[in-house]
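Residue numbers (the working numbering): 898 to 966. Virtual Cβ for every residue (Gly too), placed ideally from N, Cα, C.
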Amino acid sequence: MSFREDDCRVREANARENLAVLRHIAITRLKQDRAKLGIKTKRLKAGWSDSHLGELHFQPPKPIRKNPH
898 MSFREDDCRV
908 REANARENLA
918 VLRHIAITRL
928 KQDRAKLGIK
938 TKRLKAGWSD
948 SHLGELHFQP
958 PKPIRKNPH
């Protein structure tokens with residue numbers, strides 16, 4: 898509930914689904930940030946600083962590690 902989804906006033910089904918996808922992408926990018934901060938704090942920091950937002954947006958994604966079996 899990092900983005901206050903319950904307060905969202907979007908009523909059309911497609912818009913709700915589209916916003917859910919965008920929120921999922923945003924949370925994934927915030928989780929990939931290496932700073933030892935909570936999701937809410939990282940989101941606020943990105944909102945306050947355009948340079949930090951750019952770093953989050955343009956940093957290369959972490960590789961997915963697969964467990965060897």
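{"Item": "Cα-Cα separation between Glu-952 and Glu-909, rounded to whole angstroms", "Value": "32 Å"}
{"Item": "Coarse secondary structure for Gln-956, derived from DSSP in three states", "Value": "coil"}
{"Item": "Three-way DSSP call (helix, strand, coil) for Gly-951 in this model", "Value": "helix"}
{"Item": "Sequence-distant residues of its chain with Cβ nearer than 6 Å to Arg-926 (five each side left out)", "Value": "Leu-953"}
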